[in-house]
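The letter at position 39 of the sequence shown is residue 38 when you use numbering that gives the first Met the number 0, and the numbering goes up by one with no holes.
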Amino acid sequence: MAKNKIPTSGIVYSTNPDYRVAEATEELSAVLPAQEQKLRIRLDKKHRAGKAVTLLEGFSGTNTEKEEIGKKLKTFCGTGGSVKDGEIIIQGDQRDKVLQWLLKNGYKSAKKI
0 MAKNKIPTSG IVYSTNPDYR VAEATEELSA VLPAQEQKLR IRLDKKHRAG
50 KAVTLLEGFS GTNTEKEEIG KKLKTFCGTG GSVKDGEIII QGDQRDKVLQ
100 WLLKNGYKSA KKI
């Protein structure tokens with residue numbers, strides 16, 4: 000529901016009849032081809048109540064692209080996860096599966112840490 004909401008930037012009401020809400024622009028970062036991305040896959044347990052998660056770091060692209068790759072990885076691994084703070088998070092120790100999926104889809108410089 001929040002995706003369809005127009006950002007008002009704190010303005011509730013304006014007496015100006017010509018006032019238009021500025022359109023929010025998505026931050027575009029430099030999108031590199033799959034072969035040139037330097038991705039790191041690592042296992043993390045910190046601040047997660049001792050549960051292990053697989054982190055995919057170093058992906059450069061827009062948030063929608065990160066969410067798409069996160070969704071594809073979650074489907075491939077058969078588990079949950081999310082995209083937060085520029086990291087793709089997959090639940091559990093899925094490093095081998097994530098590496099396998101990345102290599103299969105053209106991400107040549109992915110490595111496990």
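C-beta atoms are modelled at their ideal positions from N, C-alpha and C, and glycine is treated no differently. Predicted, not measured: the structure shown is a model, and the values here were computed from it.
Assigned with DSSP and collapsed to three states, Q36 falls in coil, not helix or strand.
With fewer than 16 other Cβ atoms from the protein chains shown falling within 10 Å of its own Cβ, Q34 counts as exposed. R94 is a Cβ neighbour of I40, given a cutoff of 8 Å. Our two residues, T14 and G80, have alpha carbons roughly 45 Å apart in a direct line. Per the coordinates, the alpha-carbon of G105 lies some 13 Å from the alpha-carbon of V97.
Classified as exposed, T63 has fewer than 16 neighbouring CB atoms from the shown chains inside 10 Å of its CB. Secondary structure of G80 (DSSP, three-state): strand. Inclusion of L55 and E86 in the CB contact set at 8 Å is warranted, their separation being smaller than that value. In the three-state scheme derived from DSSP, where H, G and I count as helix and E and B as strand, R94 is classed as helix. Rounded to whole angstroms, W100 and T74 show a C-alpha spacing of 11 Å. By the 16-neighbour rule on beta-carbons within 10 angstroms, I68 is buried.
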